[in-house]
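Chemist:
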Amino acid sequence: MDSDTVGYFEILVSTVFWGLIPIVSIVIGFPSPVFVFFRVLVSALFFYAINRKGLKLREFFRWPVLVSGVLLGINWISFFYAVDIMPVSMAVVIYYSGPAIAIYLSFIAGERPNRMAMIGGSFSFAATALMFLQSVNLSLYGFAVAMISGLSYAMIAIISRKAVDRLRSSDLVMYQTLIVLIMTAPFLAFMRFHLTYVNVALIIFAGVFQTGLALILWYDSQRRIGIQTVSVLSYLDPVFAVIFAFLILGQKPTILAVISVSMILASGSIVSYSNIRALRKLGEKTVI
């Protein structure tokens, strides 16, 4: 299996995990910062177990690591708060304005946005605009919170790309989760929550698979196939999230939500097909 194929497989698996995470947070029912704390606590222990011999403390204090960790905390807290105060279908579509913003800002990480990626980004912005129109009648506050998560998503993709040039993906995730752990720990003192066996099991699943493994796959896919491709394929997240919200929570998406998610899925498919064709043509030229 070649590197590009591995990269596509990695981002697909991570999108399935992340599509399910809003539903897990709603089922657990913890306040957003508390859920994030336990999620990263489990993932931090997981990464410490597999990486404790290779971690270098000095890398923790590199600015891309510190800034990306803070942004990750803001991203998760705002996103899980958004899904608590508005339908999952709306929150995830707004959230995924982030990858579109990352496409347009990918030049910061040394990548030149291509035409098809720009088209994909435009589809995402149009989908976000549709969700804004719907949120006018439902929750402008929720829209604002979801947009904060989207903006922080974009900046994580850009800044983390600088970090993975010098760090292993698993090391970066470990550092980031430690930062988020420090950020969210104070919330435990004044927010109410109750641990049960079911909650603990779901937290372990969220920490190991939906946080640790998914982040490793996401960062490694960036290295293999680039920010632009990963950003577009990340649009599969809301597709899975809407499906899971309907199947598990019974949240029926609105017509505008279905249209928005369809636009996101279409843009990802178009750009992915374009990249695959380009790789095939390059391979044919190499053989000739």
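In numbering that gives the first Met the number 0, the protein residues as written are 0 to 287. Built from N, CA and C at the ideal position, the CB exists for glycine as well.
1. Quick check: the Cα distance between ILE20 and VAL199, rounded to an integer number of angstroms?
2. If you draw a straight line from the alpha carbon of LEU180 to that of PHE36, how long is it in whole angstroms?
3. Is it true that the CB of LEU187 sits closer than 8 Å to the CB of VAL12?
4. List the endpoints of the continuous alpha helix (DSSP H) containing MET85.
5. Who are the Cβ neighbours of GLY149 in its own chain at under 8 Å, not counting the five residues just before and after it?
6. Indicate whether SER42 and GLY206 have their beta-carbon atoms separated by less than 8 Å.
7. Just mark TYR80 as buried or exposed, buried being the case when its beta carbon has 16 or more other beta carbons within 10 Å.
8. Under the three-state reduction of DSSP, which class applies to GLN209: helix, strand or coil?
9. Flag this pair as touching only if the segment 145-160 and the segment 67-78 have three or more C-beta atom pairs under 8 Å; answer yes or no.
10. Excluding five sequence neighbours on each side, which residues of the same chain lie with their C-beta closer than 8 Å to the C-beta of ILE22?
11. Terminal residues of the continuous alpha helix (DSSP H) containing GLY28?
12. Quick check on DSSP: helix, strand or coil for ARG222?
13. Leaving aside the five residues before and after VAL238 along the sequence, list all residues of the same chain whose C-beta is less than 6 Å from its C-beta, in chain order.
14. Determine the DSSP secondary structure at LEU166, reduced to helix, strand or coil.
Modeler: Let's see:
1. Residue numbering aside, residue 20 sits at position 21 when the sequence shown is read from its first letter. Residue numbering aside, residue 199 sits at position 200 when the sequence shown is read from its first letter. Cα-Cα distance, rounded: 15 Å.
2. As a working mapping, residue 180 is identified with position 181 in the sequence shown. As a working mapping, residue 36 is identified with position 37 in the sequence shown. Each residue's Cα considered, the two are about 6 Å apart.
3. In the sequence shown, the residue the question calls residue 12 occupies position 13. In the sequence shown, the residue the question calls residue 187 occupies position 188. No; because the gap between Cβ atoms is not below 8 Å, this pair is not in contact.
4. Taking the sequence shown and counting its residues from 1, one reaches residue 85 at position 86. Neither: MET85 is in no alpha helix (DSSP H) and is coded neither H nor E.
5. As a position in the sequence shown, residue 149 is number 150, starting the count at 1. Here the set comprises ILE93, TYR94, TYR95, SER96, GLY97, ILE100, THR127.
6. Walking along the sequence shown from the start, residue 42 turns up at place 43. Walking along the sequence shown from the start, residue 206 turns up at place 207. Against a cut-off of 8 Å, the Cβ pair of GLY206 and SER42 comes out as a contact.
7. Position 81 of the sequence shown holds residue 80. Counting Cβ neighbours within 10 Å, TYR80 comes out buried, since at least 16 surround it.
8. Taking the sequence shown and counting its residues from 1, one reaches residue 209 at position 210. Looking at GLN209 - three-state DSSP - the assignment turns out to be helix.
9. yes
10. As a position in the sequence shown, residue 22 is number 23, starting the count at 1. Same-chain partners within the cutoff: VAL87, ALA240, PHE243, ALA244, ILE247, LEU248.
11. Numbered from its first residue, the sequence shown carries residue 28 at position 29. Counting along the chain, GLY28 falls outside any alpha helix (DSSP H), and DSSP gives it neither H nor E.
12. Locating residue 222 in the sequence shown gives position 223, where the first residue counts as 1. Here ARG222 sits in helix by DSSP.
13. Locating residue 238 in the sequence shown gives position 239, counting from the first residue. Closer than 6 Å at Cβ, skipping near neighbours: VAL260, LEU264.
14. Sequence index remark: in the sequence shown, residue 166 carries index 167 (1-based). Coil, per DSSP.
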